[in-house]
Amino acid sequence: MIIQADGFVKPKRRLFRKIHKRYTLSCGRYKDRRMLEQNDNSTNHPIQTEASHPAEAVRVPRVAAPASLEQRFLRFSVLLTTTYLCAMFLLHPLVFSNYYFNITETKQYFFLIASALYLLSLLFARIALPPDFGVARQKRRLHPSAIALLAFFAVSLVGSLMSRYPGEAFIGENNRYQGLLSLFCYACLVLALSRQKIDLKWPERAFLLGASLVSLLGLFNHFGADPFGFYENLRVADRGRFLSTIGNANFFGSYMVLSFAVAAGFFLRANERLTRIFATLVLALVSFGALVSGSDSTVLGLLAIAAFAPLLLFSSAASFRRLPLCWGVVFLCAFLFGLLSAVLSSATYLSVFTAALCRPAVSLPLAAAAFALWFALSRVKPERLSRARRPYALALLIALLVGALALVLLNTLLRALPLGSLARYLHFSESWGTDRGKIWTFALRVYAELPAAQQLFGASSGALFHADAVSPLFSDAGLDTAHNEYLQYLVTNGALGLMSYLTALAFAMRAGFRRSKIEPIYRGPLLAVAAYALQAAVNIAQPMTTPLFFVLIGILISRKPEESSQV
Numbered sequence: 161m162i163i164q165a166d167g168f169v170k171p172k173r174r175l176f177r178k179i180h181k182r183y184t185l186s187c188g189r190y191k192d193r194r195m196l197e198q199n200d201n202s203t204n205h206p207i208q209t210e211a212s213h214p215a216e217a218v219r220v221p222r223v224a225a226p227a228s229l230e231q232r233f234l235r236f237s238v239l240l241t242t243t244y245l246c247a248m249f250l251l252h253p254l255v256f257s258n259y260y261f262n263i264t265e266t267k268q269y270f271f272l273i274a275s276a277l278y279l280l281s282l283l284f285a286r287i288a289l290p291p292d293f294g295v296a297r298q299k300r301r302l303h304p305s306a307i308a309l310l311a312f313f314a315v316s317l318v319g320s321l322m323s324r325y326p327g328e329a330f331i332g333e334n335n336r337y338q339g340l341l342s343l344f345c346y347a348c349l350v351l352a353l354s355r356q357k358i359d360l361k362w363p364e365r366a367f368l369l370g371a372s373l374v375s376l377l378g379l380f381n382h383f384g385a386d387p388f389g390f391y392e393n394l395r396v397a398d399r400g401r402f403l404s405t406i407g408n409a410n411f412f413g414s415y416m417v418l419s420f421a422v423a424a425g426f427f428l429r430a431n432e433r434l435t436r437i438f439a440t441l442v443l444a445l446v447s448f449g450a451l452v453s454g455s456d457s458t459v460l461g462l463l464a465i466a467a468f469a470p471l472l473l474f475s476s477a478a479s480f481r482r483l484p485l486c487w488g489v490v491f492l493c494a495f496l497f498g499l500l501s502a503v504l505s506s507a508t509y510l511s512v513f514t515a516a517l518c519r520p521a522v523s524l525p526l527a528a529a530a531f532a533l534w535f536a537l538s539r540v541k542p543e544r545l546s547r548a549r550r551p552y553a554l555a556l557l558i559a560l561l562v563g564a565l566a567l568v569l570l571n572t573l574l575r576a577l578p579l580g581s582l583a584r585y586l587h588f589s590e591s592w593g594t595d596r597g598k599i600w601t602f603a604l605r606v607y608a609e610l611p612a613a614q615q616l617f618g619a620s621s622g623a624l625f626h627a628d629a630v631s632p633l634f635s636d637a638g639l640d641t642a643h644n645e646y647l648q649y650l651v652t653n654g655a656l657g658l659m660s661y662l663t664a665l666a667f668a669m670r671a672g673f674r675r676s677k678i679e680p681i682y683r684g685p686l687l688a689v690a691a692y693a694l695q696a697a698v699n700i701a702q703p704m705t706t707p708l709f710f711v712l713i714g715i716l717i718s719r720k721p722e723e724s725s726q727v
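Using this note's numbering, you'd call the opening residue of the sequence shown number 161 and step up by one each time.
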């Protein structure tokens, strides 16, 4: 002790502090050793220990754990899926070899080869990178849409076994190629995509770039420009109904329906300045492509987009307000196309609706009305827009029912009512829709004459062609398709096959509708599937657009990012 001058005793506090610090350090080191012994992975977490100064600490560097086999597989599958989707959306519409003379076969080969490489690569990756041993795996149910498509293929397989045309049952009709091979590829592809987490950023841009190039070439072709020599050896009679790198005007129109839906979905959610400029440019090019398609099926697809799009946008005020602006761009493009048509000669056919829309007296007022509605909606509160969803859905349903009733009355009790130029569209006859009335009647008659088993499972591909060979419907051409995808599936895949296909379509659209509320990027694919489904009532399944349609179905039912990483 220390005795001070005033007689008080002062303890040695410094000695006590040293003893306390040594005791604290020894306890801390012992605790750290125990933690290291109990947890081998403790190096992943920072451990602080006392140093020579109480305020100092030593941080052990964080060491990242090596990626597991499951994580490697997931990363590889995402990269592989993105690459495949970009190839399908960008290269598939543009690929050709001998111009229009084998363009259908070229598209089919590209789809089958690309899809086979994708599916086999996924399979080999799963074998090389199996699930982690000892880690519990969450079982994920197959999506109902994927199950329905597998059932669609199974029903078609049974029908093909009963067919008298095994070659056509496997490959499909010439230039259509929708046989068992294609159906098997569709089912496996949708199943594989439904198990993946998909980042649509780059596939969407690939789709938009491909659509822009196809549309631009179609616009050049319409005004007589042929930069790649597609028309050099083509018959003069066929030059008016072939366009761009797609070919047949109906197939080109089907592709433009898909493209317009994706372009509109991108335009409605573009936020940044450069993105908006790019979205407007793409929308304008695709609008020109839709105008030159020369197919009435394109009009059906655009009507489906116009009617269905508001249902997806009521929850997003900014996107809903931009919807009239989208159609304003379309009508403005129609006005500009009308001005060009007055100066330049047309080399391909136009539909009646396009010719009417491109008149300045029609396109300009519609564009002005669209821009005025866009300005008016900018002052409407989001709450009022969200409350309008149910009234709009009810009004749309009533309009559909009234329209269906009107068609029935106009073809029965009010058949004698004069309709002028609209009679060719509203009065059903054998010549309706470029003889589609006669074709549909023939297809229904062929189906009614099938045995009961084939009515259920289908007569397989080639049934209509061989039935027409026995009793030709046209003197100058053979019939190999019903020009109605649903009626075609009824004959070739039976009632069970058609029900399976419609079930898959319904579940995919339901999944896409729910997904689009959370992820706006899925609005475009959903609109594309809905538009394709409507125009398919007057069109043909073929290698140009049908593979893209099934790829979009697989995208709609793909895994959500928040789902478990277990496959």
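Backbone N, C-alpha and C define an ideal beta-carbon position, used for all residues, glycine too.
query: Cut-off 7 Å between Cβ atoms - residues of its own chain near Y260, not counting five sequence neighbours on either side; result: F390, L394, F402 and G407
query: For F313 and L343, the rounded distance between their alpha carbons; result: 6 Å
query: Heavy atom of the ligand GTP within 8 Å of L245 beta-carbon; result: Of ligands this structure carries none, so the ligand GTP is not represented either.
query: Contacts around A466, its chain only, beta-carbon distance under 8 Å, and the 5 residues preceding and following it disregarded; result: W487
query: Counterpart residues of K357 in DSSP-defined beta bridges; result: R719
query: The stretch 707-716 touching the stretch 245-256, judged by at least three CB pairs closer than 8 Å; result: yes
query: Rounded distance between the beta-carbons of V446 and F426, thought under 8 Å; result: Going by Cβ atoms, the distance from F426 to V446 rounds to 10 Å, so no, they are not a contact pair.
query: Three-pair Cβ contact test at 8 Å for the stretch 661-668 versus the stretch 302-321; result: yes
query: Beta-carbon spacing of V350, I681 below 9 Å; result: no
query: DSSP state of L289 mapped onto helix, strand, coil; result: coil
query: Residue span of the alpha helix (DSSP H) that contains I599, given as start and end; result: W592 to A608
query: Outcome for E590 when other beta-carbon atoms lying within 10 angstroms are tallied against a minimum of 16; result: exposed
query: Straight-line gap, I715 to A555 (C-alpha atoms, nearest Å); result: 30 Å
query: Alpha-carbon to alpha-carbon, A288 and A697; result: 44 Å
query: Reference P304, options L280, S354 and L565, closest by Cα; result: S354
query: Distance between beta carbons of Y337 and P703, contact taken as under 8 Å; result: 6 Å
query: Length of the line joining the Cα atoms of L460 and R675; result: 25 Å
query: Helix, strand or coil at L573 [DSSP, three-state]; result: coil
query: Identity of the residues DSSP links to G407 by a beta bridge; result: L403
query: Reduced DSSP category for C246 - H, G, I as helix; E, B as strand; rest coil; result: helix
query: H252 and F270 closer than 9 Å at C-beta; result: yes
query: At least three beta-carbon pairs within less than 8 Å, the stretch 596-613 to the stretch 637-655; result: yes
query: C-alpha distance - A502 paired with A516, whole-angstrom precision; result: 13 Å
query: Short Cβ contact (9 Å threshold) for P520 with L533; result: no
query: Top-ranked residue by Cα proximity to T514, from T458, S475 and F474; result: T458
query: Where the alpha helix (DSSP H) through N653 begins and ends; result: E645 to I678
query: Outcome for F284 when other beta-carbon atoms lying within 10 angstroms are tallied against a minimum of 16; result: exposed
query: C-alpha distance - R575 paired with V562, whole-angstrom precision; result: 17 Å
query: Minimum C-alpha distance to V452 - residue among F380, T705 and A424; result: F380
query: Beta-carbon gap between S581 and V512 smaller than 9 Å; result: yes
query: Span of the alpha helix (DSSP H), counted from its first residue to its last, around F480; result: A477 to V503
query: Cβ contact (3+ pairs, closer than 8 Å) linking the stretch 352-370 and the stretch 323-339; result: no
query: Sub-9 Å separation of P149 and L240 beta-carbons; result: Shown here, the chain extends from 161 to 727; a query on residue 149 therefore has no answer.
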